[in-house]
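Participant: Before I ask anything, let me first share the structure, which is written out below as structure tokens.
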Amino acid sequence: MTEIPKSHPRYLSLVTRERLVEMMRRGIVSEAGLIAHGRGEAFDYLIGEKSNDFAIKSEKAAVATMLLAERPVISVNGNAAALSGKEIIGLGEILNAKIEVNLFHRTEDRVKKIVEYLESLGGRNILGPDPDARIPGLDHARALCHKEGIYSADVVLVPLEDGDRAQALKNMGKTVITIDLNPISRTARASDITIVDNIIRAIPNMISFSKDMKNLSIDDLKKVVKSYDNADILKEALNAISENAINEWETQNRK
Ligand code: ATP
Ligand code: MG
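Set out below in structure tokens:
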């Protein structure tokens, strides 16, 4: 692995890239996953590489929705496992959510490698290999899933998901929560709750909110969900992106 000096202004971003490259070599992240990460990074730059107010609101609404769910499931792909595997397992435990490895570029070998990786981090009963159900409306490999996991879930958290698959899950009548740095992606628009934040920050935030919100009454959780409006959140995220871009331009031109 390339040594990156801690003093580098983009240290975290560079370390994250190295981590993904390494995980690709281990067969956990797909090649296309690296490109998807690049798109994410560009948007992260534009939102200021921090958890903005709009993200915090979505993260709280997501936790409330998952606490109210009967069969919550967290869908994990290569990038999500590589970037936040340990935290996803922790979140699944707090929220009583099942974890299912579900890949856009599905190969049974990669599914197994990701399951083994999550198990090495302490994950148990992770679904993925030997799928026994299909998401209607998707072509073969992309549709495969588990009856006792995604197929029968009422709420699914699908970080870094593809737009088609998010829409297909919506069409099944599920509540779809996504983590996606691009507020205008099809996934962001198709989902009920879109967390416009880096998964690296979003999952730890959700863990800390879950610890407090677990003690709220059902009525109070319902209030959090009811007061949430995803279209407003996406608009806030887009406003922040344009304001940041203009401020950046003005700061640089003042120098
Ligand atoms: P869509 O199909 O939904 O219109 P897309 O084709 O851009 O969007 P993909 O490339 O399939 O989506 O998936 C990558 C998505 O995940 C991108 O929208 C990207 O912004 C987002 N993303 C990538 N890395 C991260 C990350 N670390 N945290 C959060 N989101 C990320
Ligand atoms: Mg896509």
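Every number in my numbering is 98 more than the matching position in the sequence shown, counting from 1. No residue lacks a Cβ here, since even glycine has one placed at the ideal position from N, Cα and C.
(1) At the level of alpha carbons, what is the spacing between residue 162 and residue 351?
(2) Below 8 Å, is the gap between the Cβ of residue 126 and the nearest heavy atom of the ligand ATP?
(3) Quick one: what's residue 232 bridged to in DSSP?
(4) Determine the direct distance from the alpha carbon of residue 261 to that of residue 245, and round the result to whole angstroms.
(5) How many Å lie between residue 184 and residue 160 at the Cα?
(6) Any heavy atom of the ligand GDP closer than 8 Å to the Cβ of residue 108?
(7) Kindly indicate the opening and closing residues of the beta strand (DSSP E) around residue 198.
(8) Residue 52 and residue 276 look like a contact to me (Cβ under 8 Å); what is the Cβ gap, rounded to whole Å?
(9) At the level of alpha carbons, what is the spacing between residue 309 and residue 127?
(10) May I have the straight-line CA-CA distance separating residue 171 from residue 251, to the nearest angstrom?
(11) Does at least one heavy atom of the ligand ATP sit under 8 Å from the Cβ of residue 273?
(12) With DSSP collapsed to three states, give me the class of residue 279.
(13) Confirm the yes/no value for this check: CB of residue 286, any heavy atom of the ligand ATP, distance under 8 Å.
(14) Please report the residue range of the alpha helix (DSSP H) in which residue 257 lies.
(15) Cβ of residue 173 within 9 Å of Cβ of residue 248?
(16) Which runs of the beta strand (DSSP E), 3 residues or longer, sit entirely within the region 132 to 182?
(17) Do you know whose CA, among 181, 110, 291 and 222, lies nearest residue 323's CA?
(18) Take residue 111 as the anchor and find which of 130, 131, 122 and 135 has the nearest alpha-carbon.
(19) Do the region 177 to 195 and the region 211 to 229 make contact, defined as three or more Cβ pairs closer than 8 Å?
Facilitator: Short version:
(1) The residue you call residue 162 lines up with position 64 of the sequence shown. The residue you call residue 351 lines up with position 253 of the sequence shown. If I take the Cα positions, the gap works out to 44 Å.
(2) Reading the sequence shown from its first residue, position 28 is the one you call residue 126. Exclusion of residue 126 from the 8 Å shell around the ligand ATP follows from its C-beta lying no nearer than that to any non-hydrogen atom of the ligand.
(3) Translated into positions along the sequence shown, residue 232 becomes position 134. Residue pairing by DSSP puts residue 232 in a beta bridge opposite 242.
(4) Position 147 of the sequence shown, counted from the first residue, corresponds to residue 245. Position 163 of the sequence shown, counted from the first residue, corresponds to residue 261. Going by the C-alpha atoms only, they are around 22 Å apart.
(5) As a working note, residue 184 is residue 86 in the sequence shown. As a working note, residue 160 is residue 62 in the sequence shown. Annotation: residue 184 to residue 160 spans about 19 Å, alpha carbon to alpha carbon.
(6) Of the ligands one can find in the structure shown, namely the ligand ATP and the ligand MG, none is the ligand GDP.
(7) Taking the sequence shown and counting its residues from 1, one reaches residue 198 at position 100. Going by DSSP, residue 198 is part of the beta strand (DSSP E) stretching over 196 to 199.
(8) This structure leaves residue 52 out entirely; the chain is present only between 99 and 353.
(9) Residue mapping note: residue 309 aligns to position 211 of the sequence shown, counting from 1. Residue mapping note: residue 127 aligns to position 29 of the sequence shown, counting from 1. For residue 309 and residue 127, the distance between alpha carbons rounds to 30 Å.
(10) Taking the first residue of the sequence shown as position 1, residue 171 is located at position 73. Taking the first residue of the sequence shown as position 1, residue 251 is located at position 153. Between residue 171 and residue 251, the C-alpha separation is close to 6 Å.
(11) On the sequence shown, position 175 is the one that residue 273 refers to. Not one heavy atom of the ligand ATP lies closer than 8 Å to the C-beta of residue 273.
(12) Within the sequence shown, numbered from 1, the residue matching residue 279 stands at position 181. If DSSP states are grouped into helix, strand and coil, residue 279 belongs with coil.
(13) Numbered from its first residue, the sequence shown carries residue 286 at position 188. At least one heavy atom of the ligand ATP is found less than 8 Å from the C-beta of residue 286.
(14) Reading the sequence shown from its first residue, position 159 is the one you call residue 257. Where residue 257 is concerned, there is no enclosing alpha helix (DSSP H), given that its DSSP letter is neither H nor E.
(15) Walking along the sequence shown from the start, residue 173 turns up at place 75. Walking along the sequence shown from the start, residue 248 turns up at place 150. Cβ atoms of residue 173 and residue 248: closer than 9 Å.
(16) Counting only runs of 3 or more, we get 170 to 174.
(17) Counted from its first residue, the sequence shown places residue 323 at position 225. Of 181, 110, 291 and 222, the residue nearest in Cα terms is 291.
(18) Walking along the sequence shown from the start, residue 111 turns up at place 13. Of 130, 131, 122 and 135, the residue nearest in Cα terms is 135.
(19) Taking one beta carbon from each stretch, the region 177 to 195 and the region 211 to 229 have 3 or more pairs nearer than 8 Å; the two touch.
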